[in-house]
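Under UniProt numbering, think of the first position of the sequence shown as 1, with each following residue one higher. Backbone N, C-alpha and C fix where the C-beta goes; we use that ideal spot for every residue, glycine too. Presented below is the structure to which this report refers.
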Amino acid sequence: MGTIAFRSEDISLPNGSKMALGIDGGHWVLIYQKEAGAHFCVYNFLQAEKKLLVDEKLGGEKELQEFKTLVNYFFENANINDLVTISPPKE
Numbered sequence: 001m002g003t004i005a006f007r008s009e010d011i012s013l014p015n016g017s018k019m020a021l022g023i024d025g026g027h028w029v030l031i032y033q034k035e036a037g038a039h040f041c042v043y044n045f046l047q048a049e050k051k052l053l054v055d056e057k058l059g060g061e062k063e064l065q066e067f068k069t070l071v072n073y074f075f076e077n078a079n080i081n082d083l084v085t086i087s088p089p090k091e
């Protein structure tokens, strides 16, 4: 299986935030913007290693909980218009 990507950047979520989520096996990438004009925060979670990077810096338990909360909020509230599966190239 390839990478699965969800996006909801055309419209804001109910709390005004925007998010995009990509999943490739145990590698999760969440791009989050709290409000229009705010900094885009990149969460990079490696499930097998239980390692979270937030804007390329190692995150702790607080950041991991925040990541999980954001992912749950995304799945509960996003009006997902596009689901893209990116398959590896055939050789």
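Fill in: Assumed close pair V29, G22 - CB separation to whole angstroms, cut-off 8 Å
For the purposes of this step, residue 29 is taken as the residue at position 29 of the sequence shown. For the purposes of this step, residue 22 is taken as the residue at position 22 of the sequence shown. Contact flag correct, Cβ pair sits at about 4 Å.
Fill in: Buried versus exposed, by CB contacts within 10 Å (16 or more), E20
Within the sequence shown, the letter at position 20 stands for residue 20. Here residue 20 turns out to be Ala, not Glu, going by the sequence shown. Per the 10 Å Cβ criterion, buried.
Item to complete: Give the secondary structure of E34 by DSSP, where H, G and I count as helix, E and B as strand, and everything else as coil.
Response: Here residue 34 corresponds to residue number 34 of the sequence shown, with the count starting at 1. According to the sequence provided, residue 34 is Lys. The question's Glu does not apply to it. Three-state result, K34: coil.
Discussion item. Counting C-beta neighbours from all protein chains within 10 Å, is the total for L46 16 or more, i.e. buried, or is it exposed?
Written reply: Here the question's residue 46 lines up with position 46 in the sequence shown. Exposed: under 16 other Cβ atoms inside 10 Å.
Discussion item. Here's the rule: buried if 16 or more other CB atoms are within 10 angstroms of the residue's CB, otherwise exposed. What is F75?
Written reply: Locating residue 75 in the sequence shown gives position 75, counting from the first residue. By the 10 Å Cβ count, F75 comes out exposed.
Discussion item. Can you tell me where the beta strand (DSSP E) holding L64 begins and where it ends?
Written reply: Here residue 64 is taken as the residue at index 64 of the sequence shown, counted from 1. Not the beta strand (DSSP E): L64 falls in the alpha helix (DSSP H), residues E61 to N77.
Worksheet item: In the structure shown, what three-state DSSP assignment does N44 receive?
Response: The sequence position of residue 44 within the sequence shown is 44, counting from 1. Under the three-state reduction of DSSP output, N44 falls in the strand class.
Fill in: Nearest residue (CA-CA) to K66, options K34, L13 and A48
Numbered from 1 along the sequence shown, position 66 holds the residue referred to as residue 66. Correcting the residue type first, residue 66 is Glu in the shown sequence and not Lys. Comparing Cα positions, the closest option is K34.
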